[in-house]
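Accompanying notes for the structure given below.
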Amino acid sequence: MTEGAKRTTRSPAQALFRRLFMINGLVFAVATLVLAISPATVSAPLVLAEVPVLIVGLALMLAANALLLRRSLAPLDALTTLMQRVDLLRTGDRLPIGGNSDLTHVIATFNAMLDRLEAERSASSGHALAAQEGERRRIARELHDEIGQSLTVVLLGLKRVVDRAPDDLREDLHGVQETVRASLDEVRQVARRLRPGVLEDLGLHAALAALCSDVSQMSGVQVARAVQHDLPELGADVELVLYRIAQESLTNIARHARATRAELSLGTRDGRLTLRVTDDGQGGARQDGAGIRGMRERALLIGARLAVDSPPGEGTRVHLTIPNDRSPTR
1 MTEGAKRTTR SPAQALFRRL FMINGLVFAV ATLVLAISPA TVSAPLVLAE
51 VPVLIVGLAL MLAANALLLR RSLAPLDALT TLMQRVDLLR TGDRLPIGGN
101 SDLTHVIATF NAMLDRLEAE RSASSGHALA AQEGERRRIA RELHDEIGQS
151 LTVVLLGLKR VVDRAPDDLR EDLHGVQETV RASLDEVRQV ARRLRPGVLE
201 DLGLHAALAA LCSDVSQMSG VQVARAVQHD LPELGADVEL VLYRIAQESL
251 TNIARHARAT RAELSLGTRD GRLTLRVTDD GQGGARQDGA GIRGMRERAL
301 LIGARLAVDS PPGEGTRVHL TIPNDRSPTR
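Under full-length UniProt numbering, the first residue of the sequence shown carries the number 1, and numbering increases by one thereafter.
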């Protein structure tokens, strides 16, 4: 940029000052012209009959000045409102650029700042969630390979002891054996929730079916499942996000909703992939908890939009929509 261009480029504050100065100057110029061509005069000293003329003229100038300034500064109200409701987990909230040309640069700069913040938040969330998934896999592997194997060895040892134990101790040893077997099953369930091996081995359909079955068995909530068979090709990151959001939604239903029935559906609607999880519970969730905010962060990773509707007494509806231009990555 040349020195001449630097001198002619005005900052937003300078542009706004120039506009306000021009508006006030225009009002005063018009008022002066009206006084010059009108028969109204002001005597020295001031005559009492001329006071109403001055008051009316002043009122007209103030009204005209207020109207022009209000129209000029109106975008600032919308900008302030947007600043108050901004949430980086709810993307796409922007102020349309138009109207006052001097504030266009301010609005465009604020929109660009939101774009940068959302991109940075998405990138940082991606790194954090990737690290979290890695830690989940490590813990699940240790649970399965170490604790699971240790409990299996204990079960085998107990079986040999039971076979050689006297009759009066055999019943007690059977109780211990069942307790260890139940603990082994719980360890395997925890490992499966931490690392959905079925998702990697058998795919999304089988993983969702196993998830719904597990939730039904553990909580008693009947989970109906409707998954489209001919889903479009999905990337591994999209499948993982879909699984985790479905898992968190069903877990919330089992823990907090007091529901008797839930429904999970996945399919394409209007050309977009849509995941819906609903229940017939108490609803009434007013604020996003850690679970819902975690789901929003996962949705940002694949450019999806998550909506959670929870009217009191009408259950909760989780709706995830993946855009059409989401390309699969493997």
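Beta carbons: idealized from backbone N, C-alpha and C, even for Gly.
Here Ser-124 is not near Leu-301, since their CB atoms are 8 Å or more apart.
If the five residues before and after Ala-207 are omitted, its C-beta is found closer than 7 Å to the C-beta atoms of Pro-196, Val-198, Leu-199, Tyr-243, all from its own chain and listed in chain order. When rounded, the separation of the alpha-carbon atoms in Arg-269 and Arg-138 is 37 Å.
The straight-line gap separating the alpha-carbon atoms of Leu-82 and Ser-265 is approximately 34 Å. A direct Cα-Cα distance of roughly 20 Å separates Gln-149 from Glu-135. With respect to the C-alpha of Arg-225, the residue from Leu-155, Thr-278, Ala-131, Asp-163 having the closest C-alpha is Thr-278. The alpha-carbon separation between Ile-292 and Glu-239 amounts to approximately 18 Å.
Scanning its chain for C-beta atoms nearer than 6 Å, with the 5 sequence neighbours on each side dropped, one finds around Ala-262 the residues Val-221, Val-223, Ile-253, Asp-279, in chain order. A straight-line Cα-Cα distance of about 19 Å links Arg-188 and Leu-250. Among the bridge pairs identified by DSSP, Arg-269 is matched with Arg-272. For Ala-259, the closest alpha carbon among the candidates Gly-284, Phe-110, Ile-37 is that of Gly-284. It is roughly 19 Å from the alpha-carbon of Pro-75 to the alpha-carbon of Asn-24. Of the other Cβ atoms in all chains shown, fewer than 16 fall within 10 Å of the Cβ of Ala-290; this residue is therefore exposed.
Our two residues, Val-308 and Ser-183, have alpha carbons roughly 35 Å apart in a direct line. Residue burial is scored here from C-beta neighbours: Gln-84 has fewer than 16 other C-beta atoms within 10 angstroms and is therefore classed as exposed.
Taking all protein chains shown into account, Arg-276 has 16 or more neighbouring C-beta atoms within 10 Å of its C-beta and is therefore buried. In the displayed model, Val-106 falls within a helix according to three-state DSSP. For the 8 Å CB-CB criterion, Thr-321 and Gly-281 do not form a contact. Judged by DSSP secondary structure, Gln-177 falls within the alpha helix (DSSP H) whose first and last residues are 167-194.
DSSP places Arg-225 inside the beta strand (DSSP E), whose first and last residues are 222-227.
Between the C-alpha atoms of Val-30 and Ala-66 there is a straight-line separation of about 15 Å.
Excluding sequence positions up to five before and after Leu-234, its CB lies within less than 8 Å of the CB of Leu-204, Leu-242, Leu-273, Pro-328, all in the same chain and listed in chain order.
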